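Colleague: Residue numbers (my numbering): 56 to 337.
By construction, the Cβ of each residue, glycine as well, lies at the ideal position given by its N, Cα and C atoms.
This structure is a prediction, so every number in the text was calculated from the model and none was measured.
Let me begin by handing over the structure; questions about it come next.
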């Protein structure tokens with residue numbers, strides 16, 4: 056068609072609306088894979104990152120997708136007009152809101168990007184490092200909190216960690232690409248590099264020598280290191296921390312889910328930095 060929009064068809068199945076997410080295709084490398092992006096928000100995020108190369112849109116959705124269509128066409132993305140039943144088939148029954156995209160998968164940042172941010176932002180820098188967080192739902196929830204908190208980077212080890220896949224993107228409500236996410240071979244070495252860049256490393260861990268996080272000022276470049284629920288921080292990672300913090304739990308609960316702990320701690324940092332007169336002195 057002259058408009059650059061292609062038509063396709065397929066067997067009919069009922070469609071329905073829901074939050075956008077992405078579905079992973081088989082990995083083509085250790086760091087990248089091909090993915091399908093379900094829903095307008097996931098497609099918009101992928102387009103903004105330059106990772107969308109094809110999009111299928113239901114005829115009934117074209118009107119409300121005018122902005123996406125215009126931006127996709129300007130970026131050279133191939134646009135197909137696809138009946139709802141075709142989208143249902145392509146999405147394998149997952150909810151898509153009448154829009155489905157195809158493109159490159161989540162692109163990891165390099166650790167140098169995060170180090171540069173820490174050096175540039177100085178005392179205002181905030182980085183999250185995860186040690187042994189293997190549950191993709193937890194990782195997705197953490198990435199959503201990290202995006203909301205506008206952290207300067209999230210660092211994952213290549214081993215003993217979930218990778219950013221379709222489940223993670225879904226759990227993050229499509230926000231996984233909002234902050235730089237790095238995968239490093241050696242998390243301990245990455246923490247050393249962050250120290251050299253001027254950051255202070257806090258490990259979240261209870262026990263002897265751990266300080267109540269409510270009493271910390273977070274008035275310098277900060278790296279928060281979160282371990283897996285139950286197992287906690289590995290010894291070599293714990294030893295690299297400049298200090299240990301814990302979240303007080305007056306209700307007697309032993310621990311929080313790691314995604315909840317990450318959210319609580321990130322926004323405590325933001326609250327302390329934004330308050331001229333902290334309620335609790337360090």
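Just to confirm the assignment, what range does the alpha helix (DSSP H) spanning residue 102 have?
Modeller: Locating residue 102 in the chain shown gives position 47, where the first residue counts as 1. Per DSSP, residue 102 belongs to the alpha helix (DSSP H) from 95-103.
Colleague: Please classify residue 166 as buried or exposed, where buried requires at least 16 other C-beta atoms within 10 Å of its C-beta.
Modeller: In the chain shown, the residue the question calls residue 166 occupies position 111. The residue is buried, with at least 16 neighbouring Cβ atoms inside 10 Å.
Colleague: Can the beta-carbon of residue 269 be found less than 8 Å from the beta-carbon of residue 280?
Modeller: In the chain shown, residue 269 corresponds to position 214, counting from 1. In the chain shown, residue 280 corresponds to position 225, counting from 1. No, Cβ-Cβ distance for residue 269 and residue 280 is not below 8 Å.
Colleague: Using the three-state DSSP reduction, which class does residue 153 fall into: helix, strand or coil?
Modeller: For this step, residue 153 is matched to residue 98 along the chain shown. If DSSP states are grouped into helix, strand and coil, residue 153 belongs with coil.
Colleague: With C-beta atoms as the reference, is residue 284 less than 8 Å away from residue 310?
Modeller: Here residue 284 is taken as the residue at index 229 of the chain shown, counted from 1. Here residue 310 is taken as the residue at index 255 of the chain shown, counted from 1. Result yes, Cβ atoms of residue 284 and residue 310 sit closer than 8 Å.
Colleague: With the cut-off set at 8 Å, would you say residue 157 and residue 109 are in Cβ contact?
Modeller: Position 102 of the chain shown holds residue 157. Position 54 of the chain shown holds residue 109. In contact: residue 157 and residue 109 (Cβ atoms closer than 8 Å).
Colleague: Exposed or buried, what is residue 306 when buried is set at 16 or more other beta-carbons lying within 10 Å of its beta-carbon?
Modeller: The count along the chain shown starts at 1 and reaches residue 306 at position 251. It is exposed - the Cβ of residue 306 has fewer than 16 other Cβ atoms within 10 Å.
Colleague: Looking at residue 216 and residue 198, is the spacing between their C-beta atoms short of 8 Å?
Modeller: The count along the chain shown starts at 1 and reaches residue 198 at position 143. The count along the chain shown starts at 1 and reaches residue 216 at position 161. Taking 8 Å as the Cβ cut-off, residue 198 and residue 216 do not qualify as a contacting pair.
Colleague: My output table needs one value for residue 92: the three-state DSSP class, helix, strand or coil.
Modeller: Along the chain shown, read from residue 1 onward, the residue named residue 92 stands at position 37. Looking at residue 92 - three-state DSSP - the assignment turns out to be strand.
Colleague: Quick check: what's the CA-CA separation for residue 181 versus residue 321?
Modeller: Locating residue 181 in the chain shown gives position 126, counting from the first residue. Locating residue 321 in the chain shown gives position 266, counting from the first residue. If I take the Cα positions, the gap works out to 9 Å.
Colleague: May I ask you to report which of helix, strand or coil DSSP gives residue 281?
Modeller: Here residue 281 corresponds to residue number 226 of the chain shown, with the count starting at 1. Correct three-state label for residue 281: strand.
Colleague: Taking just the CA atoms, how far does residue 154 sit from residue 243?
Modeller: For the purposes of this step, residue 243 is taken as the residue at position 188 of the chain shown. For the purposes of this step, residue 154 is taken as the residue at position 99 of the chain shown. Their backbone Cα atoms lie some 42 Å apart in a straight line.
Colleague: By the DSSP assignment, the beta strand (DSSP E) with residue 292 in it spans what residues?
Modeller: Within the chain shown, residue 292 is the residue found at index 237, counting from 1. Careful: residue 292 lies outside any beta strand (DSSP E), inside the alpha helix (DSSP H) at 290-295.
Colleague: Please classify residue 120 as buried or exposed, where buried requires at least 16 other C-beta atoms within 10 Å of its C-beta.
Modeller: Within the chain shown, numbered from 1, the residue matching residue 120 stands at position 65. Burial call: buried.
Colleague: Between residue 249 and residue 173, is the Cβ-Cβ spacing less than 8 Å?
Modeller: Here residue 249 refers to the residue found at position 194 when the chain shown is read from its first residue. Here residue 173 refers to the residue found at position 118 when the chain shown is read from its first residue. Yes, these two residues count as a Cβ contact at 8 Å.
Colleague: To the nearest angstrom, how far is the alpha carbon of residue 16 from that of residue 252?
Modeller: Any answer about residue 16 is impossible in this case: the structure gives the chain only from 56 up to 337.
Colleague: Classify residue 80 as buried or exposed, calling it buried when 16 or more other Cβ atoms lie within 10 Å of its own Cβ.
Modeller: Within the chain shown, the letter at position 25 stands for residue 80. Any answer about residue 80 is weak, because its pLDDT of 33 lies below 50 and its placement is not dependable; what the coordinates show is given next. Under this definition residue 80 is an exposed residue.
Colleague: Determine the extent of the beta strand (DSSP E) in which residue 267 is found, giving its start and end residues.
Modeller: Locating residue 267 in the chain shown gives position 212, where the first residue counts as 1. It spans 265-267 - the beta strand (DSSP E) in which residue 267 sits, taken as one unbroken run.
Colleague: Whole angstroms are fine: how far does the CA of residue 114 sit from the CA of residue 262?
Modeller: By one-based count along the chain shown, residue 262 stands at place 207. By one-based count along the chain shown, residue 114 stands at place 59. Straight-line Cα distance between these residues: approximately 59 Å.
Colleague: Candidates 274, 276 and 258: which alpha carbon is nearest residue 302's?
Modeller: In the chain shown, residue 302 corresponds to position 247, counting from 1. Cα-wise, what sits closest to residue 302 is 258.
Colleague: Count the other CB atoms within 10 Å of the CB of residue 91; is the residue buried (16 or more) or exposed (fewer)?
Modeller: Position 36 of the chain shown holds residue 91. So residue 91 counts as buried.
Colleague: Taking residue 221 as the reference, give the member of 175, 159, 323 and 129 with the closest Cα.
Modeller: Counted from its first residue, the chain shown places residue 221 at position 166. Residue 159 is the option with its Cα nearest to residue 221.
Colleague: Among 294, 177, 290 and 236, which has the Cα closest to the Cα of residue 273?
Modeller: Residue mapping note: residue 273 aligns to position 218 of the chain shown, counting from 1. When only C-alpha atoms are compared, the closest one is 177.
Colleague: Buried or exposed: where does residue 298 fall if 16 or more other Cβ atoms within 10 Å of its Cβ makes it buried?
Modeller: Counted from its first residue, the chain shown places residue 298 at position 243. So residue 298 counts as exposed.
Colleague: Using the DSSP secondary-structure output, state which residues sit across from residue 112 in a beta bridge.
Modeller: To locate residue 112, count along the chain shown from 1; it is residue 57. DSSP, once it has assigned bridges, lists 136 and 154 as partnering residue 112.
Colleague: Using the rule of at least 16 other Cβ atoms within 10 Å of the residue's Cβ for burial, across every protein chain shown, is residue 229 buried or exposed?
Modeller: Here residue 229 refers to the residue found at position 174 of the chain shown. That one is buried.
Colleague: Is it true that the CB of residue 292 sits closer than 8 Å to the CB of residue 278?
Modeller: Sequence index remark: in the chain shown, residue 278 carries index 223 (1-based). Sequence index remark: in the chain shown, residue 292 carries index 237 (1-based). Not closer than 8 Å, so no.
Colleague: Could you compute how far the alpha carbon of residue 136 sits from the alpha carbon of residue 95?
Modeller: Residue numbering aside, residue 136 sits at position 81 when the chain shown is read from its first letter. Residue numbering aside, residue 95 sits at position 40 when the chain shown is read from its first letter. Approximately 14 Å, taken between the alpha carbons.
Colleague: Distance check for residue 106 and residue 314, CA to CA, integer angstroms please.
Modeller: Translated into positions along the chain shown, residue 314 becomes position 259. Translated into positions along the chain shown, residue 106 becomes position 51. C-alpha separation (whole angstroms): 27 Å.
Colleague: Rounded to the nearest angstrom, what separates residue 203 and residue 214 at their Cα positions?
Modeller: For the purposes of this step, residue 203 is identified with residue 148 of the chain shown, where counting begins at 1. For the purposes of this step, residue 214 is identified with residue 159 of the chain shown, where counting begins at 1. Cα to Cα, residue 203 sits roughly 26 Å from residue 214.
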